[in-house]
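Colleague: One point on numbering: in the UniProt record's numbering, the residue at position 82 of the sequence shown is 82, and numbering is uninterrupted.
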Amino acid sequence: MAHCSVAMREDVVGSGGVVARLEGGLLRWFMDQGSGIRVLRRDPRIPRFSRPDQKNQCVTPAGNESTTTVEDDDDDDDDTLDLNNQESRDSKTTMGESKQPIDNTSDSDQISVPPRTDTMIEKGSKEISPSTDAEKQTEQSPEPQSPPPPPNGGYGWICTLCVALINAHTWGINSSYGVFLAHYLSTDTYPGATYLQYAFVGGLSISVAMLVSPLATLSTRYYGTHFSLCVGTVLEAGGLIGASFAYNIWQLFLSQGVAFGIGMGFLFVASVGIPPQWFTTKRSLANGVSASGSGFGGLLYSLAAGAMIRTIGLAWCFRVLGLLAFGVNAICIALIRDRNKIIGSRHAAFDMKLFKRPEYLLLNGYGFFSMLGYIALVFSLADYARKIGLDASQAAVVSAILNLGQGLGRPPTGYFSDSIGRINMAGITTFFCAILTFVVWIFANNYGVLIFFALIGGTVAGTFWATIGPVAVEVVGLQDLPSALNLEWVIIVLPCTFSEPIALEIFGATGNYLGTQIFIGFMYTAAALCVLFLRGWKIGELNEIARLKSENPDDVHAGDAGMGSTNEAARVVGRGTMWKHFWEWRKV
Numbered sequence: 001m002a003h004c005s006v007a008m009r010e011d012v013v014g015s016g017g018v019v020a021r022l023e024g025g026l027l028r029w030f031m032d033q034g035s036g037i038r039v040l041r042r043d044p045r046i047p048r049f050s051r052p053d054q055k056n057q058c059v060t061p062a063g064n065e066s067t068t069t070v071e072d073d074d075d076d077d078d079d080t081l082d083l084n085n086q087e088s089r090d091s092k093t094t095m096g097e098s099k100q101p102i103d104n105t106s107d108s109d110q111i112s113v114p115p116r117t118d119t120m121i122e123k124g125s126k127e128i129s130p131s132t133d134a135e136k137q138t139e140q141s142p143e144p145q146s147p148p149p150p151p152n153g154g155y156g157w158i159c160t161l162c163v164a165l166i167n168a169h170t171w172g173i174n175s176s177y178g179v180f181l182a183h184y185l186s187t188d189t190y191p192g193a194t195y196l197q198y199a200f201v202g203g204l205s206i207s208v209a210m211l212v213s214p215l216a217t218l219s220t221r222y223y224g225t226h227f228s229l230c231v232g233t234v235l236e237a238g239g240l241i242g243a244s245f246a247y248n249i250w251q252l253f254l255s256q257g258v259a260f261g262i263g264m265g266f267l268f269v270a271s272v273g274i275p276p277q278w279f280t281t282k283r284s285l286a287n288g289v290s291a292s293g294s295g296f297g298g299l300l301y302s303l304a305a306g307a308m309i310r311t312i313g314l315a316w317c318f319r320v321l322g323l324l325a326f327g328v329n330a331i332c333i334a335l336i337r338d339r340n341k342i343i344g345s346r347h348a349a350f351d352m353k354l355f356k357r358p359e360y361l362l363l364n365g366y367g368f369f370s371m372l373g374y375i376a377l378v379f380s381l382a383d384y385a386r387k388i389g390l391d392a393s394q395a396a397v398v399s400a401i402l403n404l405g406q407g408l409g410r411p412p413t414g415y416f417s418d419s420i421g422r423i424n425m426a427g428i429t430t431f432f433c434a435i436l437t438f439v440v441w442i443f444a445n446n447y448g449v450l451i452f453f454a455l456i457g458g459t460v461a462g463t464f465w466a467t468i469g470p471v472a473v474e475v476v477g478l479q480d481l482p483s484a485l486n487l488e489w490v491i492i493v494l495p496c497t498f499s500e501p502i503a504l505e506i507f508g509a510t511g512n513y514l515g516t517q518i519f520i521g522f523m524y525t526a527a528a529l530c531v532l533f534l535r536g537w538k539i540g541e542l543n544e545i546a547r548l549k550s551e552n553p554d555d556v557h558a559g560d561a562g563m564g565s566t567n568e569a570a571r572v573v574g575r576g577t578m579w580k581h582f583w584e585w586r587k588v
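#1: Quick one: any contact between the segment 324-342 and the segment 197-204, if contact means 3 or more CB pairs under 8 Å?
#2: What is the C-beta distance between Val476 and Ala426, in whole angstroms, given that I count them as a contact (C-beta under 8 Å)?
#3: Suppose you measure from the CA of Lys387 to the CA of Tyr447; what does that come to, to the nearest Å?
#4: Let me check understanding here. Comparing Cα to Cα, which of Arg319, Leu548, Cys230 and Ala484 lies closest to Tyr360?
#5: For Gly327, count neighbouring C-beta atoms within 10 Å of its own C-beta (all shown protein chains included) and say buried if the count is 16 or more, exposed if not.
#6: Just verifying my parser: in three-state terms, what is the DSSP assignment at Pro275?
#7: Cβ of Ser302 within 9 Å of Cβ of Asn403?
#8: Indicate whether the contact test is met: 3 or more Cβ pairs, each with one atom in the segment 231-244 and one in the segment 316-326, closer than 8 Å.
#9: Note down the Cα distance separating Asn167 from Ala528, rounded to an integer number of angstroms.
#10: From Thr525, Tyr247, Asn567 and Gln517, pick the residue whose C-alpha is nearest to that of Ser370; which is it?
#11: Would you call the CB atoms of Gly306 and Ala396 closer than 9 Å?
#12: Would you kindly check if the distance between the Cβ of Ser175 and the Cβ of Gly257 is under 9 Å?
#13: In this structure, how does DSSP classify Pro150 when only helix, strand and coil are distinguished?
#14: Express the C-alpha separation of Phe368 and Gly192 in angstroms, rounding to a whole number.
#15: If the criterion is Cβ atoms closer than 9 Å, does the pair Thr577 and Asn543 meet it?
#16: May I ask you to report which of helix, strand or coil DSSP gives Val440?
#17: Assign Ala400 to one of two classes, buried (16 or more other C-beta atoms within 10 Å of its C-beta) or exposed (fewer than that).
#18: Can you list, in chain order, the residues of its chain whose CB lies under 8 Å from that of Gly508, leaving out five sequence neighbours each side?
#19: Put Asp418 into one of helix, strand or coil per three-state DSSP.
#20: I'd like to know whether the C-beta atoms of Ala434 and Gly373 end up nearer to each other than 9 Å.
#21: With distances taken from CA atoms, which of Gly293, Pro276, Leu229 and Tyr247 is nearest Phe266?
#22: What is the DSSP secondary structure of Ser244, counted as helix, strand or coil?
#23: Give, in chain order, every unbroken run of the alpha helix (DSSP H) that is at least 4 residues long and sits entirely within the segment 352-419.
#24: Report yes if the CB atom of Asn486 is closer than 9 Å to the CB atom of Thr170, and no otherwise.
#25: Cβ atoms of Thr459 and Leu377: under 9 Å apart, would you say?
#26: Closer than 7 Å by C-beta to Lys538: which residues in its own chain qualify, once you throw out the five before and the five after it? Chain order, please.
#27: Cβ atoms of Val231 and Gly261: under 9 Å apart, would you say?
#28: Quick one: what's got a C-beta closer than 7 Å to Val398's C-beta in the same chain, skipping five residues either side?
#29: Within 10 angstroms of its Cβ, does Lys282 collect 16 or more other Cβ (buried), or is it exposed?
#30: On the three-state DSSP scale, how would you describe Tyr155?
#31: Relative to the C-alpha of Asn287, which candidate in Ser550, Ile492 and Asn152 has its C-alpha closest?
#32: Answer with buried or exposed for Phe464, where buried requires no fewer than 16 other C-beta atoms within 10 angstroms of its C-beta.
#33: CA-CA distance, Ala569 and Ser284?
#34: Below 9 Å between beta carbons: does that hold for Ala503 and Ile520?
#35: Roughly how many angstroms lie between the CA atoms of Gly409 and Ser292, to the nearest whole one?
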């Protein structure tokens, strides 16, 4: 009959420690080196003991049984030992009777047990680690890891489409204000209102949208993106529907100007930073697709608003637009997702520390000068068409073609930004718009040339809106993107408000649009110069990051292309070398 053979062996480990190993037997001793505590653990290959008062059977491969009785001084019913205060303890293993003699057994084996400590090894306890308190603290506080990189696609395209639709039903509807303005002036809808008052309604909505950006940012920070989007949707729809009941100009200011502007601001601020969070190499393409929504929305609603005013009247036109905006935005809110928690976005309303960065001031200059040129161009083009002898319908078509150009031009701007660099693309397209203004628009004295300028110029006129998100990531990083954009919106309030009045004053002083055209061209040139020096800084920063990585390849804080500008030391070096690198060609 088969039987179980138990052999004991002692090995000396470390400073006199003893590891008792029961080969092929039932129990195994482990000693924690230096701790003075030995933990008795059951070999997982051996079946668990039954009650101490029962005999345990060792089943042999042949199916025969031999009984083995293990005597212990305590009454524990598991495979643990209570360590006593005595210097040593005798552990006797008596083999029970079997039907056949058992070979290689001894009457008893002495196992040396160190003095008992205050710690009692209880049932089910784990093996004690020899690590010190400092090592335990290190294990409990791991080194912070960098946020995971953006997925660069996937559900990000759904979010990008949602942002494009939101832009179409905010900026797109606002772009159709020219149609409403023409109707107001031709029908004297609100008695006693002047041309400037009507003109300021459209400008007021943009200014208010930018002014509420700090409040919208704080709302996103404390209550989340979806809450801010819901607030914007309700206010925008309420403003449009409220305008349908306006009978005085001040009511139009409050509804179509203020309420609509606040809603547009909440929707824009809460959504504009979402596409860059989902992409790395396709970030600019996604931002261009989302920004194109405003162009296509402007084209669509400019034509739709005119048709509805002629067929169902002004009041119902406002109501239909309000209901459409509410429905589409609600669907987008249900589908859109942000990654603020994953990347650790910092939604500070006014993070003034950003103004200590020269590169961020250059970004502000890019936005400031771009808006001075852009707003004047958009609002002056239709009036310029009238001044060269075109009728009202032709002027409206010119304005619609300009919106079409913006819708067609922004996705390619984003696509090529990912190929040649986001900052590079922003500078090239901005400077190209300045050239078109000087070379084409100044000499556009007929309908065909003006249509050409509206279409081609429209593709690059709104470059700022297509590139600001990705370029801001390159400058401040993803974590500070909400704060950087929030301050940017406040900064461009002034040019958005006063750009068109400046253009009209120049026209009034000179009697023609040449001075206005030169003003617009120089504003785009100044914006391009800001981008030129900004790319010089970025090249210096990337060179420093490459040097740091070459010295320490395992340094996770050296820089992450997916997270944008995140290394302070590299940023400082870039500031000192921007004047040296701005002329170098490199993908930035």
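Glycine included, each C-beta is placed from N, C-alpha and C at the ideal position.
Modeller: Well, looking at it:
#1: Touching, no, given that fewer than three Cβ pairs across the two stretches are closer than 8 Å.
#2: The distance from the Cβ of Val476 to that of Ala426 is about 15 Å, inconsistent with a contact at the 8 Å cut-off.
#3: Their Cα atoms are separated by approximately 12 Å.
#4: Scanning Arg319, Leu548, Cys230 and Ala484 for the CA closest to the CA of Tyr360 turns up Ala484.
#5: Counting Cβ neighbours within 10 Å, Gly327 comes out exposed, since fewer than 16 surround it.
#6: Correct three-state label for Pro275: helix.
#7: Yes.
#8: Between the segment 231-244 and the segment 316-326, the count of C-beta pairs closer than 8 Å reaches three or more; the two stretches touch.
#9: For Asn167 and Ala528, the distance between alpha carbons rounds to 25 Å.
#10: Nearest C-alpha to Ser370: Thr525.
#11: It is a contact, given that the beta carbons lie within the stated cut-off.
#12: It is not a contact, given that the beta carbons lie outside the stated cut-off.
#13: In this structure, DSSP gives Pro150 a state outside helix and strand, which the three-state scheme calls coil.
#14: If you take the alpha carbons of Gly192 and Phe368, they lie about 34 Å apart.
#15: In this structure, the beta-carbon distance from Thr577 to Asn543 falls below 9 Å.
#16: Reduced to three states, the DSSP call for Val440 is coil.
#17: Burial call: buried.
#18: If we look at Gly508 and ignore the five residues flanking it on each side, it has no Cβ neighbours.
#19: The answer is helix: DSSP assigns Asp418 an H, G or I state.
#20: Against a cut-off of 9 Å, the Cβ pair of Gly373 and Ala434 comes out as a contact.
#21: The candidate whose alpha carbon is nearest that of Phe266 is Leu229.
#22: Assigned with DSSP and collapsed to three states, Ser244 falls in coil, not helix or strand.
#23: DSSP runs (the alpha helix (DSSP H)) wholly in the segment 352-419: 358-387.
#24: Taking 9 Å as the Cβ cut-off, Asn486 and Thr170 do not qualify as a contacting pair.
#25: No, they are not a contact pair.
#26: Ile423, Glu474, Gly574 and Val588, listed in sequence order.
#27: Judged by their CB atoms, Gly261 and Val231 are not nearer to each other than the 9 Å cut-off.
#28: Counting only Cβ-Cβ distances below 7 Å, and skipping sequence neighbours, we find Leu381, Ala382, Ala385, Leu450, Ile451 and Ala454.
#29: The residue is buried, with at least 16 neighbouring Cβ atoms inside 10 Å.
#30: In the three-state DSSP reduction, Tyr155 falls in the coil class, being neither helix nor strand.
#31: The closest CA to that of Asn287, considering only Ser550, Ile492 and Asn152, is found on Asn152.
#32: Here Phe464 is buried: its Cβ has 16 or more other Cβ atoms, across all protein chains shown, within 10 Å.
#33: Computed Cα separation, rounded: 26 Å.
#34: Yes.
#35: Answer to the nearest angstrom: the Cα atoms are 8 Å apart.
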